[in-house]
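Oh and the sequence shown: position 33 is 103 in the working numbering, straight run, nothing missing. Worksheet: the structure to be examined is printed underneath.
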Amino acid sequence: MYYTRLITMNFGPGMRSAAEKVADTFAAIYKTMKGFRGATFFADHETGECGALTVWESREDAEAATASLWPKLQEIAHGMLKGPPTVRVFELYEPKVYDYEHVTRED
Numbered sequence: 071m072y073y074t075r076l077i078t079m080n081f082g083p084g085m086r087s088a089a090e091k092v093a094d095t096f097a098a099i100y101k102t103m104k105g106f107r108g109a110t111f112f113a114d115h116e117t118g119e120c121g122a123l124t125v126w127e128s129r130e131d132a133e134a135a136t137a138s139l140w141p142k143l144q145e146i147a148h149g150m151l152k153g154p155p156t157v158r159v160f161e162l163y164e165p166k167v168y169d170y171e172h173v174t175r176e177d
């Protein structure tokens with residue numbers, strides 16, 4: 071069973087390059103961490119909201135990432151964030167069988 075770590079933050083409008091710098095920095099760091107399985111970064115550049123969804127082998131690995139990365143985030147993003155980041159950890163569920171080709175959307 072895997073766990074996800076969802077972190078969101080707000081740099082404010084017009085801060086795309088700052089958000090991308092933070093994402094690039096953390097993408098490299100994540101690869102070196104125990105239990106890391108993958109990451110997806112996302113952003114709404116109009117509002118400045120952005121974040122990352124990372125996947126970890128255990129809840130302990132996800133929580134250890136938060137503890138060890140928090141000082142690095144404060145160092146890199148100091149003075150740029152419009153408020154404190156939020157971090158949540160969730161158990162990851164993947165359906166045993168899911169056929170994406172046959173999913174239909176009703177309008």
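Glycine included, each C-beta is placed from N, C-alpha and C at the ideal position. Source: prediction; values computed, not measured.
Does the stretch 145 to 155 come within contact of the stretch 101 to 116, defined as at least 3 CB pairs closer than 8 Å?
Counting Cβ pairs under 8 Å, fewer than three are found: no touch.
Would DSSP call Val167 helix, strand or coil?
By 1-based counting over the sequence shown, the position of residue 167 is 97. Residue state, collapsed to three classes: coil.
Figure out for me which residue from Phe81, Thr74, Tyr73, Tyr72 has the closest Cα to the Cα of Gln144.
Residue numbering aside, residue 144 sits at position 74 when the sequence shown is read from its first letter. The option with the nearest alpha carbon to Gln144 is Phe81.
How far does the alpha helix (DSSP H) with Phe96 in it reach, from first residue to last?
The count along the sequence shown starts at 1 and reaches residue 96 at position 26. Start and end: 86 to 100.
Taking 7 Å as the threshold (C-beta atoms), are Tyr73 and Leu162 in contact?
Along the sequence shown, read from residue 1 onward, the residue named residue 162 stands at position 92. Along the sequence shown, read from residue 1 onward, the residue named residue 73 stands at position 3. Contact: yes.
Kindly indicate which three-state DSSP category Thr117 falls into: helix, strand or coil?
If you number the sequence shown from 1, residue 117 lands on position 47. Coil at Thr117, not helix or strand.
Could you give the uninterrupted runs of the beta strand (DSSP E) lying entirely in the stretch 117 to 166, keeping only those of 3 residues or more?
List check, beta strand (DSSP E) in window: 119 to 126, 156 to 161.
Does DSSP classify Gly108 as helix, strand or coil?
In the sequence shown, the residue the question calls residue 108 occupies position 38. Correct three-state label for Gly108: strand.
At what residues does the beta strand (DSSP E) containing Met79 begin and finish?
By one-based count along the sequence shown, residue 79 stands at place 9. Looking at the DSSP string, the run of the beta strand (DSSP E) that includes Met79 is 73 to 80.
Whose C-beta lies closer than 6 Å to the C-beta of Phe160 among residues of the same chain, with five residues either side of it excluded?
The residue you call residue 160 lines up with position 90 of the sequence shown. Excluding residues within five positions, the ones whose Cβ falls inside 6 Å are Thr74.
What does the Cβ neighbour count give for Ala135, buried or exposed, with the cut at 16 atoms within 10 Å?
To locate residue 135, count along the sequence shown from 1; it is residue 65. Buried: at least 16 other Cβ atoms inside 10 Å.
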